[in-house]
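The structure under discussion appears below in the form of structure tokens.
Numbering (the working numbering), first residue to last: 8 to 77.
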């Protein structure tokens with residue numbers, strides 16, 4: 008059994024920590040949320056069949072990235 012974390016798990020944990028610290032100001036975590044979605048997008052691009060408990064399904068990631076373009 009592998010003890011390796013799922014892809015993008017570190018970013019998901021960072022986001023949870025940030026949201027916990029900024030309960031009333033979640034917008035302070037926007038940059039960490041972007042890092043998570045970028046990680047997920049890269050994972051899906053590398054292998055469209057990838058799965059990670061840290062990432063939403065691919066079409067949600069794609070939609071979020073389009074809606075939050077830099």
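Beta carbons are placed, not taken as given, at the ideal position from N, Cα and C, and that holds for glycine.
Everything numeric in this text was worked out from a predicted model, so none of it was measured.
Out of 32, 30 and 43, point me to the one whose CA is closest to residue 15's CA. Position 8 of the chain shown, counting from 1, holds the residue named residue 15. Residue 15 has its Cα closest to that of 43, out of 32, 30 and 43.
Are residue 60 and residue 50 touching if we call contact CB-CB under 8 Å? To locate residue 60, count along the chain shown from 1; it is residue 53. To locate residue 50, count along the chain shown from 1; it is residue 43. Their beta carbons are not under 8 Å apart, which means residue 60 does not touch residue 50 by this criterion.
Could you check where the alpha helix (DSSP H) with residue 31 kicks off and where it finishes? As a first step, residue 31 must be located in the chain shown, where it is residue number 24. Taken as a continuous stretch (DSSP letters only), residue 31 belongs to no alpha helix (DSSP H), as it is neither H nor E.
Which runs of the alpha helix (DSSP H) fall wholly inside the segment 31-76 and span at least 4 residues, in chain order? 37-53 and 65-74
May I ask you to report which of helix, strand or coil DSSP gives residue 15? Taking the first residue of the chain shown as position 1, residue 15 is located at position 8. Looking at residue 15 - three-state DSSP - the assignment turns out to be coil, as it is neither helix nor strand.
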